[in-house]
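Input: a single structure, listed below in structure tokens.
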Amino acid sequence: MFRLLPTWKGRHFPQYFPSLGTHYQLYSTSANCARILSNGAEEKNKEIDFEFLFQSCTNTHLAKRLHALLIVSGKAQSIFIGTRVVNLYAHLGDVTSSRRTFDQIQKKDAYTWNSMVSAYVRNSHFHEAVNCLHEMLVKSEIRPDFYTFPPALKACGHILDGKKIHCWVFKLGFQWDVFVAASLVHMYCRFGSLPIAHKIFSDMPFRDRGSWNAMISGFCQNGNVAEALSVSDEMRLEGMDMDCVTVSTILPACAQMDDILRGMLFHLYVIKHGLEFDVFVSNALINMYAKFGKLGHAQRVFDQMVVRDLVSWNSIIAAYEQNGNPDTALGFFGKMQSNGIQPDVLTLVSLASSVAQSRDFHAARSVHGFILRRCWIMKDVVVGNAVVDMYAKLGIIDYAHRVFEEIPSKDVVSWNTMISGYGQNGLASEAVEVFRMMEGCEDITPNQTTWVSILPAYSHLGALKLGMRIHGRILKANLHLDVYVGTCLVDLYGKCGRLDDALSLFYEVPRTNSVSWNAIISCHGIHGHGQTSMQLFRAMMDEGVKPDHVTFVSLLSACSHSGLVDHGQWCFHVMQEECGIEPSLMHYGCMVDLFGRAGYLEKAYSFIKNMPLRPDASIWGALLGACRIHGNVDLGKLASDRLFEVDSENTGYYVLLSNMYANIGQWEGVNDVRSLARDRGLRKTPGWSSIELNNRIEVFYTGNQSHPHCEEIYKELETLTAKMKSLGYVPDYSFVLQDVEEDEKERILMSHSERLAIAYGIICTAPKSPIQIFKNLRVCGDCHNVTKFISKITEREIIVRDSNRFHHFKDGICSCGDYW
DNA sequence: TTAGGGTTAG
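Read in order, the letters of the first sequence correspond to residues 1 to 820 in the UniProt record's numbering.
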């Protein structure tokens with residue numbers, strides 16, 4: 001029995017019986033083998049069971065002693081024994097010793113040559129394998145046999161070059177052998193030449209199970225899963241039973257086709273034929289159920305496994321991680337370690353994602369440390385990308401960037417992860433910068449994920465022209481009808497003020513899920529077209545698309561920006577009663593904003609008092625913002641007190657509060673808030689505005705004096721101010737938070753970043769052409785008023801996007817009707 | 001005594 005155990009179908013025995021493996025090695029292999037081998041000299045004349053020794057050599061050290069013993073015994077000269085040594089070294093991974101032994105064999109036969117070729121293939125030396133076969137065919141007199149070509153063809157599949165060998169196969173008539181033909185099928189599948197593979201497969205006079213499996217896996221590996229499933233149907237019709245290999249190939253195909261019924265039928269087949277004892281089959285079942293989100297089923301398969309390998313553990317960990325159950329995933333990692341299974345890179349990839357989901361900063365450092373100690377970031381790009389993604393998702397973007405820089409050979413996913421990481425953390429300019437660097441790498445081709453990562457950054461910055469360039473490339477790659485890419489384009493055009501273009505794109509992409517609807521509803525909302533948002537929402541319901549919680553955030557804020565109080569209340573009702581969605585803090589925040597902006601301050605306050613969730617800073621912030629607009633200092637004070645109880649770190653709220661005091665000239669209040677903020681070590685976020693000119697993004701900071709065109713810009717602003725004054729402009733000093741002289745206040749207002757950007761736009765573009773700018777904070781009331789005048793004087797359309805919404809100025813009027 | 005076809009990924 002022991003003689004059969006060490007290798008079973010060419011696999012190393014401990015993998016199948018992990019607990020027995022060490023035991024067997026210790027007692028059977030090392031002890032006996034070492035004893036016999038170390039006494040080699042004395043035992044050379046005794047009758048030694050060499051067969052047993054061959055089976056017992058589990059490392060190169062023992063193999064070399066056996067080899068020495070064979071030489072001493074004079075047995076090494078025989079072709080048979082010599083070739084066995086070649087094979088022994090190959091199985092132990094020492095291909096150099098295999099070759100040395102091979103070279104020492106004087107008279108070689110086909111068995112010897114075949115073994116050497118296989119030795120190379122087994123150890124992934126594919127070029128050497130092909131060269132060795134070539135040597136056999138051309139230089140030696142030996143005729144190849146049925147064992148010669150299959151391993152050689154496997155090597156060809158890896159080096160993507162098989163023409164010569166295929167010619168030899170034909171010349172010698174081996175194409176009729178079922179093993180050789182199946183190997184040809186497999187090789188052509190690896191080349192991606194499915195028609196050739198399928199032709200060879202169809203022409204085979206007899207197809208064994210292995211050939212069917214080769215064809216099915218060929219289709220799967222080329223992403224043609226539908227074809228794979230239909231070949232498996234044909235296989236059944238021809239009366240050929242499936243085995244473990246067939247099933248473990250076909251199960252992932254069911255997952256990809258989203259065909260749970262078929263997947264479960266295969267599972268039934270597995271149970272009926274007792275195939276679940278194969279580790280590959282059970283692993284494939286776990287993975288399939290995980291993709292269907294059926295964690296219970298996956299868990300049951302895992303529980304019933306007799307032998308679990310690393311892939312089994314990785315699969316169950318990934319199953320929980322991918323279905324939003326990071327803590328269970330982490331728990332399984334612990335169990336895996338206590339079972340003595342060493343994690344690999346894929347384990348760590350799932351782990352990184354788990355800790356990011358559970359927002360466990362401490363565990364994140366441990367995961368990173370674990371990877372660092374093993375230098376896996378150097379070894380495998382996937383694990384580096386996973387760490388970058390982990391830190392980005394946790395908002396520790398500096399660490400993410402540091403790890404990104406350490407990845408030695410970045411692939412497209414590395415770049416995409418870094419771009420979307422910056423984007424998701426609100427750092428759009430950094431995302432654009434990384435994309436620019438990526439474009440400088442010749443070996444990196446952007447893909448669908450790249451577009452989905454970079455387009456939101458462009459929308460955020462209002463960089464329409466740069467975004468349109470990407471649109472062109474997307475059209476070329478024929479990706480514009482992809483739901484996610486299409487939705488990003490809708491968002492881009494919508495956020496850059498091109499609502500018509502956004503709408504026509506929206507009608508082109510599939511509208512079966514809520515993603516694209518949410519985008520188009522939100523775009524209309526931030527432009528103050530609340531009514532259109534409502535109409536779109538009704539259309540969405542009519543088309544039978546289920547709204548989600550994001551839909552209602554977009555919708556409620558659309559109503560809020562347009563003053564549609566009744567519609568907003570109706571939406572809030574529909575969300576709960578008809579769609580069964582529990583409102584989150586975001587939704588409550590929108591409602592407070594809705595009432596507050598419209599001037600129903602008391603209603604907003606009592607709404608807060610009655611809400612079932614504990615109000616957070618965003619809720620009190622919304623109330624404070626409304627109090628600022630409507631000048632209700634008392635309620636504003638109350639809101640800010642509550643606000644600072646829950647969040648004393650957000651500088652934006654201090655600005656809002658001091659703004660409110662400044663508005664009514666209460667300079668003491670302003671100073672109090674200032675010193676409060678200073679005591680807490682907070683600094684105001686510097687205001688900046690950007691404008692896109694000649695495919696570059698120019699950024700202006702408030703009070704900027706260092707821009708190369710600074711002088712021209714201020715001169716332009718002075719001319720404009722003079723003209724505005726003649727048309728009745730009176731500066732509103734309440735937006736100046738400093739208690740200084742009026743002249744100084746006017747100068748401060750003039751240096752607001754949005755004004756600098758508009759003036760620079762006027763200087764740099766053709767008369768009467770439209771101007772679009774972006775501001776990182778909210779536009780101040782005086783700048784809003786000024787922009788109306790400028791649009792009239794210069795006869796330009798001016799679009800200003802701030803952190804809150806769009807302002808579309810034309811002929812001295814703003815689309816928001818001064819309601820924002 | 002040498003041979004083909006299989007599961008997990010950011």
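Idealized CB from N, CA, C, for every residue including glycine. Remember, predicted model here, so these are calculated numbers, not experimental data.
Return helix, strand or coil for residue i, following the three-state DSSP convention.
i	result
Met774	It should be pointed out that residue 774 corresponds to Phe in this sequence rather than to Met. If DSSP states are grouped into helix, strand and coil, Phe774 belongs with the strands.
Cys816	coil
Arg805	coil
residue 878	Because the chain spans 1 through 820 in this model, residue 878 falls outside it and cannot be assessed.
Cys441	coil
Gly599	coil
Gly334	helix
Asp259	coil
Gly223	coil
Arg642	helix
Ala677	helix
Asp380	coil
Pro510	coil
Asp500	helix
Ala182	helix
residue 825	It is not possible to answer for residue 825, since the shown part of the chain is limited to 1 through 820.
Cys189	helix
Arg436	helix
Ile619	helix
His287	One point to set straight first is that residue 287 is Asn, not His, in the sequence displayed. In the structure shown, Asn287 sits in a helix (DSSP, three-state: H, G or I).
Cys375	coil
By DSSP's criteria, residue i is part of a beta bridge. Which residues make up the other side?
i	result
Arg696	Leu693
Phe201	Answer is none; Phe201 lacks a bridge partner.
Lys810	Ile813
Tyr701	Trp688
What's the call for residue i, buried or exposed, on a 16-neighbour Cβ count within 10 Å?
i	result
Gln535	exposed
Glu442	exposed
Leu160	exposed
Glu135	exposed
Ser202	exposed
Leu499	buried
Lys379	exposed
Ser706	exposed
Phe206	exposed
Val85	buried
residue 822	Examination of residue 822 is not possible in this model, given that the chain is present from 1 through 820 alone.
Asn610	exposed
Ser459	buried
Pro510	exposed
Between which two residues does the beta strand (DSSP E) harbouring residue i extend?
i	result
Phe174	It is not in any beta strand (DSSP E) - Phe174 carries neither H nor E in the DSSP assignment.
Tell me which residue opens and which closes the alpha helix (DSSP H) that residue i is part of.
i	result
Glu51	Phe50 to Ser56
Cys254	Cys244 to Gln256
Glu276	Looking at the DSSP string, Glu276 is not in any alpha helix (DSSP H), and its letter there is neither H nor E.
Ile474	Leu464 to Lys476
Thr347	Val345 to Gln357
Met541	Gly530 to Asp542
Pro612	Taken as a continuous stretch (DSSP letters only), Pro612 belongs to no alpha helix (DSSP H), as it is neither H nor E.
Gln666	Run containing Gln666: none; DSSP gives neither H nor E here.
Asp491	Val483 to Lys495
Val739	Before going on, a small fix: residue 739 reads as Asp here, not Val. No alpha helix (DSSP H) contains Asp739, which DSSP labels as neither H nor E.
Val545	Per DSSP, Val545 belongs to no alpha helix (DSSP H) and is neither H nor E.
Ile71	Thr60 to Val72
Glu716	Cys710 to Ser726
Phe735	That residue, Phe735, is in no alpha helix (DSSP H); it is neither H nor E in DSSP.
Val730	Note, Val730: premise wrong, no alpha helix (DSSP H); not H, not E.
Compute the minimum distance between the beta carbon of residue i and the heavy atoms of the ligand FMN, and state whether it is under 7 Å.
i	result
Lys546	With respect to the ligand FMN, the structure shown offers nothing to examine, as it has no ligands at all.
Quick check for students: name the residue ranges of the beta strand (DSSP E) that lie wholly in the stretch 744-799, counting only runs of 3 or more. With a minimum length of 3 residues, the continuous beta strand (DSSP E) runs that stay inside the stretch 744-799 are 771-775.
Note down, one range per segment and in chain order, each alpha helix (DSSP H) of at least 4 residues found wholly within the stretch 103-153. Listed in chain order, they are 110-122 and 126-138.
Give, in chain order, every unbroken run of the beta strand (DSSP E) that is at least 3 residues long and sits entirely within the stretch 377-423. With a minimum length of 3 residues, no continuous beta strand (DSSP E) run stays inside the stretch 377-423.
Only counting runs of 4 or more residues, tell me where the alpha helix (DSSP H) segments fall wholly within the stretch 292-330, in order along the chain. With a minimum length of 4 residues, the continuous alpha helix (DSSP H) runs that stay inside the stretch 292-330 are 295-304 and 310-322.
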